[in-house]
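Novice: Provided herewith is a single structure, encoded as structure tokens, for subsequent inquiry.
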Amino acid sequence: MKVKVAAIQFAPEFKKYEDNMAKIEDLLKSAFEKGSQLAVLPEMCTTGYIFDNRDDIRDYVETVPGRTTDRLCVLAKLYNMHIIIGLAEKDEDDIFYNTAALIGPEGYIGKYRKIHQFIADPLWSADGDLGFEVFDTKIGKIGMCICFDMNVEETCAVLDRKDCEIFCAPSNWFGEKPMSPVWITRAFEFEKPMVVSNRTGKERTTVFDGISCIIDKQGNILDSTDSIEGIAIAEVDVVQVEPRVKKDFYKDLSRHSYGWNPNWFFRQTSRKLPIGDDFQAAVVQIKKSDCGMFSENKKMIKKMIVDDLNSNTKVVVFPEGILNGIDKEIHYDDVVSFASELCPILSNYDGYVALSGIIEEAGKISSRIFLIGKNGIAAQYKRIYSGEGIIDDYGTKPEFIDTEYGRISMMFGDELINMEPARCMALDAVDMLLIPEKDGNAYNRYYDKFDLLWSLAGVRARENNMYILYANYIGGNSAGFSGIFGPDAFVRPDDFVYSDRLEGSVRMMIYLRENSRVFPMNRVKYKPLLRFRKPNFYRALF
Numbered sequence: 008m009k010v011k012v013a014a015i016q017f018a019p020e021f022k023k024y025e026d027n028m029a030k031i032e033d034l035l036k037s038a039f040e041k042g043s044q045l046a047v048l049p050e051m052c053t054t055g056y057i058f059d060n061r062d063d064i065r066d067y068v069e070t071v072p073g074r075t076t077d078r079l080c081v082l083a084k085l086y087n088m089h090i091i092i093g094l095a096e097k098d099e100d101d102i103f104y105n106t107a108a109l110i111g112p113e114g115y116i117g118k119y120r121k122i123h124q125f126i127a128d129p130l131w132s133a134d135g136d137l138g139f140e141v142f143d144t145k146i147g148k149i150g151m152c153i154c155f156d157m158n159v160e161e162t163c164a165v166l167d168r169k170d171c172e173i174f175c176a177p178s179n180w181f182g183e184k185p186m187s188p189v190w191i192t193r194a195f196e197f198e199k200p201m202v203v204s205n206r207t208g209k210e211r212t213t214v215f216d217g218i219s220c221i222i223d224k225q226g227n228i229l230d231s232t233d234s235i236e237g238i239a240i241a242e243v244d245v246v247q248v249e250p251r252v253k254k255d256f257y258k259d260l261s262r263h264s265y266g267w268n269p270n271w272f273f274r275q276t277s278r279k280l281p282i283g284d285d286f287q288a289a290v291v292q293i294k295k296s297d298c299g300m301f302s303e304n305k306k307m308i309k310k311m312i313v314d315d316l317n318s319n320t321k322v323v324v325f326p327e328g329i330l331n332g333i334d335k336e337i338h339y340d341d342v343v344s345f346a347s348e349l350c351p352i353l354s355n356y357d358g359y360v361a362l363s364g365i366i367e368e369a370g371k372i373s374s375r376i377f378l379i380g381k382n383g384i385a386a387q388y389k390r391i392y393s394g395e396g397i398i399d400d401y402g403t404k405p406e407f408i409d410t411e412y413g414r415i416s417m418m419f420g421d422e423l424i425n426m427e428p429a430r431c432m433a434l435d436a437v438d439m440l441l442i443p444e445k446d447g448n449a450y451n452r453y454y455d456k457f458d459l460l461w462s463l464a465g466v467r468a469r470e471n472n473m474y475i476l477y478a479n480y481i482g483g484n485s486a487g488f489s490g491i492f493g494p495d496a497f498v499r500p501d502d503f504v505y506s507d508r509l510e511g512s513v514r515m516m517i518y519l520r521e522n523s524r525v526f527p528m529n530r531v532k533y534k535p536l537l538r539f540r541k542p543n544f545y546r547a548l549f
């Protein structure tokens, strides 16, 4: 089914309800005239957003359903349209919420109360208490979230598990231009169209970005506005996608390990947090055609390791399958032997290297990543999700290893489409995720129109407050875009280095040393975005 949707953008005037409603009614008429069947309005668009306290907003909160939804019911019926609006709600106990309401041609349908609050919300609003509900309508199954909710990946994951077909996000987003890579990720990873309606204009000292947009399930931006009043409108495909199989380790998502001081919390366990260090890391990007048989690849690997370690690099990641290359597979004993050959080199520099390949052991075939250090194989990861046709041996969950540089985990690039492994590793205080890739076309994109790099690895680093080292090939079917993505992209969008189609190593300083034994100052260590999680609402995920 195809549905025409609209993301409506304007600058609400602070505390001017009637003026805002007049503007909303005009914009809804314009959306109707453009053929919209679903129109999404911004967050808190009837009142403005930044209130001092409960008393400051008291005259502007309302019941839902109530006066605003009643007025919109008339328009929804007149235009045969579904409407989503963000507004300030009060319940029967005089508790206030940041709410989104859904109205259809037959009247009021339902509401969502913002669960993951941004910095301005707790001044007056309670946390949402209704959970994530999906509303079955004539135009599809609609799921709502509000602005900062999108930064918490479990939001859309829960809606997806509840068979949502369209994500709708009234927003007051700022600090990122053009649109946020997070919005693209939410649509792409769950194969659902995303309608983001963001406000524009200035309120107090905050300038809101606008750039409302409609994103299809492949991550294509179908239409967008700029930073002024306007309407993005596009036709989207509404289809039900088969749910992904749950893995047993997804139950780890039920934990909230960052509600306490991490230094205290993880001190209870038998595996104390490593102090970590500050060091340079590298990801190697080479031509796929340069990979030959294992015997040939070993020479190339040794040379490139030495080149990187001579540049004061401590951790080096190579693309997927660098060990076996054009060989169908190699034996595990050959990897152990090669690791022994690398020990003297790595010992000289106190370094680690991540190498991967198709491995035969005891008659079973697996895809593995090996972290090799001065004492040989320090850790290994076995692919969890389906891979090459010859693979018949899979891992069950991701693991981590503590090193002098920090807590490290590993996974393959195509497995990033599943949000759960990286999130579970973040909940276990992983500092750095090493990711060999061999393709990457679906997970990396440059939007020329917006001068925007979208990297799934980059978003995973951002939302989990960890470093991700992503190594890919160039040439053939491989996309390149090898890079190192930092934990600070939420506050510093340029927290990464990458190479799109150039051959060679990409290097960046990694800051993992934590000297404070009171409360960690390093964002990787205290993982601020994980503190917003509300696992009691995520039951559908595990």
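Mapping to this note's numbering: the sequence shown position 160 is 167, numbers consecutive.
Backbone N, C-alpha and C fix where the C-beta goes; we use that ideal spot for every residue, glycine too.
Would you tell me roughly how many angstroms separate the C-alpha atoms of L280 and N472, rounded to the nearest one?
Specialist: Position 273 of the sequence shown, counting from 1, holds the residue named residue 280. Position 465 of the sequence shown, counting from 1, holds the residue named residue 472. Rounded to the nearest angstrom, the two C-alpha atoms are 16 angstroms apart.
Novice: State yes or no: is the C-beta of A433 within less than 8 angstroms of the C-beta of K534?
Specialist: Locating residue 433 in the sequence shown gives position 426, where the first residue counts as 1. Locating residue 534 in the sequence shown gives position 527, where the first residue counts as 1. Yes.
Novice: Are the region 261-269 and the region 494-506 in contact at 8 angstroms, needing three or more beta carbon pairs?
Specialist: no
Novice: At which residues does the alpha helix (DSSP H) containing P443 begin and terminate?
Specialist: Position 436 of the sequence shown holds residue 443. No alpha helix (DSSP H) holds P443; the beta strand (DSSP E) holding it covers 439-443.
Novice: Is T162 helix, strand or coil by DSSP?
Specialist: In the sequence shown, counting from the first residue as 1, residue 162 sits at position 155. Of the three classes helix, strand and coil, the one that applies to T162 here is helix, per DSSP.
Novice: Between F17 and R206, is the Cβ-Cβ spacing less than 8 angstroms?
Specialist: Position 10 of the sequence shown, counted from the first residue, corresponds to residue 17. Position 199 of the sequence shown, counted from the first residue, corresponds to residue 206. Yes, Cβ-Cβ distance for F17 and R206 is below 8 angstroms.
Novice: Taking C-beta to C-beta, are K321 and Y359 nearer than 8 angstroms?
Specialist: Counting from 1 along the sequence shown, the entry for residue 321 is found at position 314. Counting from 1 along the sequence shown, the entry for residue 359 is found at position 352. Yes, the pair counts as a contact, with Cβ atoms nearer than the cut-off.
Novice: What did DSSP end up calling I424 once you bin it into helix, strand or coil?
Specialist: Working through the sequence shown from its first residue, we reach residue 424 at position 417. Helix, per DSSP.
Novice: In three-state terms, what does DSSP make of G394?
Specialist: In the sequence shown, residue 394 corresponds to position 387, counting from 1. G394: coil per DSSP, three-state reduction.
Novice: Helix, strand or coil for R514? Go by DSSP, reduced to three states.
Specialist: As a working mapping, residue 514 is identified with position 507 in the sequence shown. Of the three classes helix, strand and coil, the one that applies to R514 here is strand, per DSSP.
Novice: If you reduce the DSSP assignment to three classes, tell me which class G150 lands in.
Specialist: For this step, residue 150 is matched to residue 143 along the sequence shown. The answer is strand: DSSP assigns G150 an E or B state.
Novice: Per the contact definition of three or more C-beta pairs closer than 8 angstroms, is the region 380-389 in contact with the region 349-356?
Specialist: yes
Novice: Assess, as a yes-or-no matter, whether the region 337-349 is touched by the region 454-461 under the definition of 3 or more beta carbon pairs within less than 8 angstroms.
Specialist: no
Novice: Helix, strand or coil: which one does DSSP assign to P269?
Specialist: By one-based count along the sequence shown, residue 269 stands at place 262. Taken through DSSP and simplified to helix, strand or coil, P269 comes out as helix.
Novice: With 16 as the cutoff for other CB atoms within 10 Å, does K258 come out buried or exposed?
Specialist: Your numbering for residue 258 matches position 251 in the sequence shown. By the neighbour-count criterion, in which 16 or more other beta carbons inside 10 Å mark a residue as buried, K258 falls on the exposed side.
Novice: Can you list, in chain order, the residues of its chain with a C-beta nearer than 6 angstroms to that of D167? Leave out the 5 residues immediately preceding and following it.
Specialist: Looking up residue 167 in the sequence shown gives position 160. Excluding its 5 nearest sequence neighbours in each direction, D167 has C-beta neighbours in its own chain below 6 angstroms: F197, listed in chain order.
Novice: Rounding to the nearest angstrom, what Cα-Cα distance links K253 and K30 in this structure?
Specialist: Taking the first residue of the sequence shown as 1, we reach residue 253 at position 246. Taking the first residue of the sequence shown as 1, we reach residue 30 at position 23. Spanning the two alpha carbons is a distance of roughly 45 angstroms.
Novice: If you follow the beta strand (DSSP E) that M104 is part of, which residue opens it and which one closes it?
Specialist: The residue given as residue 104 occupies position 97 in the sequence shown. As written in the sequence, residue 104 is Tyr, which differs from the Met given in the question. Note, Y104: beta strand (DSSP E), 103-111.
Novice: Roughly how many angstroms lie between the CA atoms of D446 and Y480, to the nearest whole one?
Specialist: In the sequence shown, the residue the question calls residue 446 occupies position 439. In the sequence shown, the residue the question calls residue 480 occupies position 473. Between D446 and Y480, the C-alpha separation is close to 7 angstroms.
Novice: Pull the bridge partners of T213 from the DSSP assignment, please.
Specialist: As a first step, residue 213 is located in the sequence shown; it is residue number 206 there, counting from the start. BP columns for T213 point to E210.
Novice: Hey, how far is the Cα of M439 from the Cα of L476?
Specialist: As a working mapping, residue 439 is identified with position 432 in the sequence shown. As a working mapping, residue 476 is identified with position 469 in the sequence shown. Straight-line Cα distance between these residues: approximately 7 angstroms.
Novice: Measure from the alpha carbon of A133 to the alpha carbon of each residue in K148, E96, T144, E140, then state which is nearest.
Specialist: What you label residue 133 is simply residue 126 of the sequence shown in a count that begins at 1. Just measuring C-alpha positions, the residue of K148, E96, T144, E140 sitting nearest A133 is E96.
Novice: Is W131 buried or exposed, if buried means 16 or more other CB atoms sit within 10 Å of its CB?
Specialist: For the purposes of this step, residue 131 is taken as residue 124 along the sequence shown, with counting starting at 1. It is buried - the Cβ of W131 has at least 16 other Cβ atoms within 10 Å.
Novice: Does N304 pass the burial test, meaning 16 or more other C-beta atoms within 10 Å, or should it be called exposed?
Specialist: As a first step, residue 304 is located in the sequence shown; it is residue number 297 there, counting from the start. Its Cβ being crowded by 16 or more others within 10 Å, N304 is buried.
Novice: Are the CB atoms of M157 and A127 nearer to each other than 8 angstroms?
Specialist: Residue mapping note: residue 157 aligns to position 150 of the sequence shown, counting from 1. Residue mapping note: residue 127 aligns to position 120 of the sequence shown, counting from 1. In this structure, A127 does not lie closer than 8 angstroms to M157 by Cβ.
Novice: Pull up the DSSP beta-bridge partners for I379, would you.
Specialist: Working through the sequence shown from its first residue, we reach residue 379 at position 372. I379 is bridged to V360, I384.
Novice: When DSSP builds the beta bridges, which residues end up paired with S462?
Specialist: Mapped onto the sequence shown, residue 462 falls at position 455. DSSP lists N451 as partners of S462.
Novice: On the three-state DSSP scale, how would you describe M307?
Specialist: Counting from 1 along the sequence shown, the entry for residue 307 is found at position 300. Here M307 sits in helix by DSSP.
Novice: Are there any heavy atoms of the ligand FMN lying less than 7 angstroms away from the beta-carbon of E113, as far as the coordinates show?
Specialist: The model on display carries no ligand, and the ligand FMN is accordingly not part of it.
Novice: Please state whether DSSP places T75 in a helix, a strand or coil.
Specialist: Start at 1 with the first residue of the sequence shown, and residue 75 comes out as number 68. Helix.
Novice: Can you check which of these residues, F181, A83, V71, K23, is closest to I102 by C-alpha distance?
Specialist: On the sequence shown, position 95 is the one that residue 102 refers to. Selected option, being the one with the closest Cα: V71.
Novice: Skipping 5 residues on each side, what residues in its chain have a beta carbon closer than 7 angstroms to that of D136?
Specialist: For the purposes of this step, residue 136 is taken as the residue at position 129 of the sequence shown. Residues of the same chain with a CB within less than 7 angstroms of the CB of D136, apart from the 5 flanking positions on each side, are R120 in chain order.
Novice: Within 10 Å of its beta-carbon, does A464 have 16 or more other beta-carbons around it, so buried, or fewer, so exposed?
Specialist: The sequence position of residue 464 within the sequence shown is 457, counting from 1. Counting Cβ neighbours within 10 Å, A464 comes out buried, since at least 16 surround it.
Novice: Can you tell me whether T192 is buried or exposed, with buried defined as 16 or more other CB within 10 angstroms of its CB?
Specialist: Locating residue 192 in the sequence shown gives position 185, counting from the first residue. It is buried - the Cβ of T192 has at least 16 other Cβ atoms within 10 Å.
Novice: Mind checking whether R530 and I282 have CB atoms under 8 angstroms apart?
Specialist: As a working mapping, residue 530 is identified with position 523 in the sequence shown. As a working mapping, residue 282 is identified with position 275 in the sequence shown. Against a cut-off of 8 angstroms, the Cβ pair of I282 and R530 comes out as no contact.
Novice: Would you give the residue range spanned by the alpha helix (DSSP H) that N27 belongs to?
Specialist: One-based indexing of the sequence shown puts residue 27 at position 20. 24-40 is the extent of the alpha helix (DSSP H) around N27.
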